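Comments concern the structure below.
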Amino acid sequence: MAETARKEETVVAEYGERKIVIIPRYCKGCDICVKVCPAAVLDMKEFKVCVVDIEACTECMLCEVSCPDFAIEVHPSGKKGKVK
Ligand code: SF4
Ligand code: SF4
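Shown next, in the form of structure tokens:
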């Protein structure tokens with residue numbers, strides 16, 4: 013049977029239970045999330061956001077709430093900083 017809703021392709025970075033999900037098709041490369049992130053977790057690669065240091069993520073959610081295009085989601089582990 014054909015799927016009615018196509019699942020968007022995602023790029024997922026994981027560290028313990030922490031997950032950062034990017035939907036590249038939605039990302040317009042505006043750089044806002046990279047600039048608001050206080051821990052230098054994100055960077056730009058070929059005009060799309062990418063995760064470069066998920067371990068440093070403080071799970072502040074600033075990137076997710078600042079993205080105008082709903083292109084990045086943070087699934088917090090509930091444990092800030094390094095996951096043991
Ligand atoms: S704020 Fe959103 S659209 Fe802009 S670079 Fe980040 S993920 Fe992409
Ligand atoms: S949740 Fe906060 S620390 Fe983690 S990537 Fe987003 S802005 Fe950076």
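Heads up: the sequence shown is residues 13 to 96, going by my numbering.
C-beta atoms are modelled at their ideal positions from N, C-alpha and C, and glycine is treated no differently.
Owing to the predicted nature of the structure, the values given are computational and were not obtained by experimental measurement.
Exercise for the section: Please find out if some non-hydrogen atom of ligand 1 comes closer than 7 Å to the beta-carbon of D43. Expected result: D43 Cβ: within cutoff of ligand 1.
Practice task
Identify, in the order they occur along the chain, each residue of the same chain with its Cβ nearer than 6 Å to the Cβ of T50, setting aside the five sequence neighbours on each side.
Solution key: Rather than Thr, the amino acid found at residue 50 in this sequence is Pro. Result list for P50: empty, nothing under 6 Å.
Practice task
Indicate whether P36 and K60 have their beta-carbon atoms separated by less than 8 Å.
Solution key: Going by beta carbons, P36 and K60 fall inside the 8 Å limit.
Practice task
Go ahead and pull the three-state DSSP assignment for I44.
Solution key: Shown here, I44 sits in a helix according to DSSP, grouped into three states.
Handout entry: Boundaries of the alpha helix (DSSP H) in which E26 is found, first to last residue
Key = Per DSSP, E26 belongs to no alpha helix (DSSP H); it is in the beta strand (DSSP E), V23 to Y27.
Problem - the region 39-50 / the region 68-86 touching (three or more Cβ pairs under 8 Å) - result: yes
Handout entry: Residue from V23, Y38, A52 and I84 whose Cα sits closest to the Cα of E67
Key = A52
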